[in-house]
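Below is one structure, written out as C-alpha cells, with a few remarks after it.
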Amino acid sequence: MGDPGRRSAHSPEQFEHRGAREDPATGRVAALAAGDRRWENPWGGASGGRVPLMAVPAEEVGSGEERLGKLLEISTAIIAHLDKPSLYDAIFEALGRAVPFDRGSLTVLDQNKESLNVRAIFDPSESEPVPKSERRFPRRESHLARLYDEKRAVVRRDLQAEHRVGLEDRLLERGIRSYVAVPLLRRREAFGSVEVGSRLPDRYSDAETGFLEEVARQVALAVENTLAHEELAARRSRLEQENSHLQEEITTEHKFGAILGESEAIKGVRRAIESVARTRSNVVVSGETGTGKELVARTLHTLSPRKRKPLIKVNCGTMPAELFEREFFGYARGTFIGALRDHAGRFELADKGTLFLDEVGEIPPDMQSKLVEVLQAGKCARLGEERKRPVDLRVVATTNRDLKQEVAAGRVRQDLYEQINVFSIELAPLRRLGGDISVLAAYYLQEAAETLKRTCPALTEPGERQLLAYDWPGNVRELQSIVERAVITYRSGPLIFDLPAVTVQEEPDPDAPAAPTHSGGLMVRLKQMLGKTT
C-alpha cells in the first residue's frame, strides 16, 4: 500500500474481485476470492496462477500452537527467495493465507532515510502499473511517518470516521477503511514496512496485529537477505566492469611509448601536461587523427592524484546514438527488454577517477545537455531509477575537430564546450616534427623487434631520408604501423620502408631538431630521452 493513491507496481490483470466474505462452512473469511491472477512487476517477468487467499479467523490466528505453525509456514514460504519479484509474491501469498486484506504493500526506507520506496503493491482493483514517479515519496508526507519514528505498528480502525493524516485521504478514495502497518526492523531501526488494508471498518484485531508483528520479523530477514544479495550482485557487476576497463587500460598502455622528442611542439606538450595533470581541471586534447591524443589523455590520468582510480574510456565516435544514454547513465534491471541485471554506467564507474571522452564532438546534442547537467550537479541516476548517485568526475576529452567551429555551427553546445575546455592541449602533426620522426621511428623499431622477437635492424640514413620525405597523413599511428611492417619483412641489408615516393606538403617546424646523421647517434639520443621521461 505504501502510498495509498498509487496504482500497483504488482498489478493483477483480469482479476475478479468479490471483496471480503465469510465461508459459512468453515467460518473463515476470504480476503480475496480465488481466481486467475497475473502479477505485473517493475523488474520484468510475471508470476501468476490460481491462488486461493483464505484468511484464518482471528481466534485461530491467536491460538498458540496454530500461531507457531502459521509463522513457520510463512517463514518457510518466504525465507528462501533472493530475487525481489518472487520474494514479494511469496510474502503476499503467505500473508493472504493468514490475515485478510484487500490491498497490501511493502516499502523500504531509502539510504538517505528521508524517502520511502514502494517495493511492491498488491491490489486487485488496480489494472495499471504504478508510474515510476509514484514509487517514491517523502517520508514526512506518508501516513507511515509515525511507524518509522516510533518503530511500532500503526493501526487505523476506520478512516472514514477518524481524522486522516498524510496520504490516508487517497487511501480512503481507494475504498480502504482500516489498515495495519508493521515495521521491518534491523538492529532496532525501521528500514521498511509491511501494510495490509481492508474495505471493512475495524477489520484488524489486536491478535492479528500482534501476529503481523511476528510475521514482520521473518519478512525483515528475507528482505534484508534480498537487499544484501542485490548489493553484492551490484558490486560484483561493477567490479567486472571495472576489471574490463582496467584490462583495456593495461593493453592500451603497452601500445604506447613515452612522449618522445626535442622539438618545441613536443616540449610544449610535456610542459602543458606537467602544469595540469595534478589538478582536477577538465582538459581537451586536440589534434589530427593519429597524433597521440590518447597517449596524452592516459598520461594526464597517470600523473594525477586520481591514478589509483579507473580511467573510463568512452569511444564517442563509434558508439551508436541510441546507446549513449544507457552507457553513460547505466540502468536498473528490468528497465528494458534484455536488462537482466543492474548495470553501472560510465559516469558511475569513473567516480573519483577520470572520464576519457574520445572524439567528444561526436556526442549527440541531446546527450550533450545531459552530460552538462551531470558535470554541473555532480549526480546521476541510472535509467529506471530515481535515486541520484553522487559522482566526482574529471573529464579528459579528445577531438580531431576545431571545437570552436563546431560550437559556431551548432553541433557542439556552448555550455558543454565551456565545461570541458578548462585547459587545452594541441598536438602538432608528425610532418611538423622534423628530426623527432627519426627518434620515434627508432623507438618503434625497438618496440616492434621485442614484440615480434626479432633482431632490431638499424635505422640507416637512406631509411631516415624516406621517413623525413613522407607526408604522414596518418601521423604517429601510421609511423608505428609502417615500422612494424618493416621489421616483419626485414631479412638483411639496409632497412627500407614501404612508403610512397612523395614529398612533404608542409614545412617542418623551424624549431624542430634536425635528423641525426647516423643511427648510432640516434640511439644515444633515444636512450637519453627515455631516461628523461621515465
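So the sequence shown is numbered by the numbering used here: it starts at 320 and just counts up by one. For each residue, glycine too, the CB sits at the ideal point set by N, CA and C.
Using 8 Å as the threshold, is the C-beta distance between residue i and residue j below it?
i	j	result
A669	L712	yes
E469	L478	no
A535	L428	no
H462	V484	yes
G782	L814	yes
F420	V538	no
T717	V679	yes
R751	D790	no
Y523	V474	yes
R665	I631	yes
R476	D525	no
F742	V615	no
P683	A728	no
G649	A663	yes
P502	R471	yes
T426	S512	yes
L490	F456	no
C699	E667	yes
D677	E613	yes
V715	T770	no
A760	L798	yes
S497	L519	yes
G587	V758	no
According to DSSP, is residue i part of a helix, a strand, or is it coil?
i	result
F456	strand
Y523	coil
G529	helix
L478	coil
A704	Reading off the sequence shown, one finds Glu at residue 704, where the question assumed Ala. Three-state result, E704: coil.
G587	helix
R493	coil
F647	helix
S405	helix
G680	helix
F411	helix
V534	helix
V542	helix
I393	helix
Which first and last residues belong to the alpha helix (DSSP H) in which residue i is found?
i	result
G782	780-788
S688	684-696
D661	Looking at the DSSP string, D661 is not in any alpha helix (DSSP H), and its letter there is neither H nor E.
L466	464-469
F726	Here residue 726 turns out to be Val, not Phe, going by the sequence shown. Here the alpha helix (DSSP H) through V726 covers 722-727.
In chain order, what residues of the same chain lie with their CB nearer than 6 Å to the CB of residue i, ignoring the 5 residues before and after it?
i	result
L622	A596
A651	D661, R701, G703, E704
G793	G609
E780	none
L694	Q738
L786	I756, A760
R720	G680
A591	I744
Provide the residue span of the beta strand (DSSP E) that contains residue i, from first to last.
i	result
A716	713-718
D315	The structure shown has nothing for residue 315, since the chain only spans 320 to 853.
N436	434-441
R505	497-505
Q422	The identity of residue 422 in the sequence shown is Arg, whereas the question assumes Gln. 422-428 is the extent of the beta strand (DSSP E) around R422.
E514	508-517
Grab me the residues of residue i's own chain with a C-beta within less than 7 Å of its C-beta, minus the 5 sequence neighbours each way, in chain order.
i	result
I393	A413, A417, V534, Q537
G611	L746, V795
A767	V802, E803, V806
Q765	C775
E433	P457, R458
R706	D429, A700
Note down, in chain order, each residue of its chain lying with its Cβ closer than 8 Å to the Cβ of residue i, except the 5 sequence neighbours on either side.
i	result
P748	G606, E607, T610, W791, N794, E825
K671	R625, K628, D711
E481	R475
Does the Cβ of residue i lie closer than 7 Å to at least one heavy atom of the ligand MG?
i	result
E533	With respect to the ligand MG, the structure shown offers nothing to examine, as it has no ligands at all.
Entirely enclosed alpha helix (DSSP H) segments - the segment 595-639, minimum 4 residues
Listed in chain order, they are 612-621.
Please specify which runs of the beta strand (DSSP E), each continuous and at least 3 residues long, are wholly inside the segment 732-812, giving them in chain order.
Scanning the segment 732-812 for uninterrupted beta strand (DSSP E) segments of 3 residues or longer gives 742-745, listed from N- to C-terminal end.
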